[in-house]
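Residue numbers (our numbering): 29 to 266. We put the CB at the ideal spot given by N, CA and C, even for glycine.
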């Protein structure tokens with residue numbers, strides 16, 4: 029049985045209404061100031077940044093989004109008995125919402141559906157925190173210790189969890205097919221997983237609208253829309 033690993037990026041979720049962040053018309057290019065709201069240093073140091081960040085979360089499409097055909101195709105591929113692991117740069121939880129087993133998904137950048145205390149590390153749901161914001165708490169504190177709460181995501185200025193990154197590298201090394209889907213492959217160390225997979229003999233397939241730095245070493249580059257390209261690719265891999 030062929031071991032397939034998928035590295036998914038923002039492009040796989042755009043059909044679910046979640047905007048791309050680094051593409052030609054990405055959020056960070058259109059509004060560079062918005063990046064400060066998810067940068068660890070300013071967030072921890074400035075209560076006004078935190079208040080703006082919580083207000084921004086009230087309108088985040090990521091929390092209202094539903095899985096699209098690409099997410100469902102990945103889940104169906106795994107459910108049919110194929111060997112599959114998904115490493116995702118996304119924080120939207122849509123792979124799991126589509127029915128993919130939790131243990132098959134590695135979230136490199138955490139999850140926007142949870143919050144964590146920066147002091148005691150207690151976790152709770154994002155929905156609960158946002159209800160407190162709607163009720164008038166513009167910068168809700170941890171109910172356990174009073175510490176600063178943040179989304180359970182890796183903010184700019186934070187390092188990836190070493191264990192999560194180590195697990196991702198192990199998956200990349202073991203993969204026989206490594207598909208990078210909807211990712212610019214520009215953000216390290218996540219992007220390096222494509223190179224690691226190729227170095228260890230995987231067939232590297234890149235499905236992305238724009239060129240990536242790893243295109244020259246890929247065995248196949250697909251520029252078709254992900255909603256049609258990924259289901260077709262998985263059907264071929266069956």
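Span of the beta strand (DSSP E), counted from its first residue to its last, around residue i
i	result
residue 135	133-135
residue 177	177-181
residue 93	It is not in any beta strand (DSSP E) - residue 93 carries neither H nor E in the DSSP assignment.
residue 79	Residue 79 -> not in any beta strand (DSSP E); alpha helix (DSSP H) instead, spanning 75-86.
residue 248	248-250
Start and end residues, alpha helix (DSSP H) containing residue i
i	result
residue 221	220-227
residue 264	254-265
residue 124	122-125
In DSSP terms, what residue i is bridged to
i	result
residue 146	Paired residue(s): none; residue 146 is not in a bridge.
residue 199	Per DSSP, none; premise fails for residue 199.
residue 152	143
residue 114	34, 133
residue 231	205
residue 138	181
residue 67	184
residue 169	176
Span separating the alpha-carbon of residue i from that of residue j
i	j	result
residue 115	residue 160	32 Å
residue 243	residue 182	27 Å
residue 109	residue 250	25 Å
residue 44	residue 121	12 Å
residue 133	residue 32	13 Å
residue 211	residue 137	13 Å
residue 131	residue 164	37 Å
residue 94	residue 123	10 Å
residue 224	residue 68	29 Å
residue 48	residue 141	18 Å
residue 234	residue 65	31 Å
residue 99	residue 146	31 Å
residue 255	residue 148	41 Å
residue 209	residue 226	15 Å
residue 192	residue 36	15 Å
residue 70	residue 30	45 Å
residue 232	residue 88	33 Å
residue 199	residue 221	9 Å
residue 97	residue 46	14 Å
residue 248	residue 188	29 Å
residue 61	residue 237	26 Å
residue 75	residue 177	11 Å
residue 162	residue 215	34 Å
Nonlocal neighbours in the same chain, by C-beta distance under 7 Å from residue i, ignoring five residues either side
i	result
residue 230	203, 204, 205, 206
Chain B within 8 Å of residue i, Cβ atoms only
i	result
residue 161	Note that chain B does not occur in the displayed structure, where there is just one protein chain.
Close Cβ partners of residue i (< 8 Å) along its chain, the five nearest in sequence each way excluded
i	result
residue 79	166, 167
residue 266	105, 108, 110
residue 201	224, 225, 228
residue 259	97, 98, 101
Contacting residues, own chain, Cβ-Cβ under 6 Å from residue i (five flanking each side not counted)
i	result
residue 144	151, 180
residue 219	213
residue 257	235, 250
> Taking contact to mean at least 3 C-beta pairs separated by less than 8 Å, is the stretch 115-130 in contact with the stretch 73-87?
Replying inline: These segments do not touch.
>> Can you confirm whether the stretch 93-110 touches the stretch 143-163 when touching is taken to mean that 3 or more C-beta pairs between the two stretches lie within less than 8 Å?
In response: Cβ pair count under 8 Å is below three, so no.
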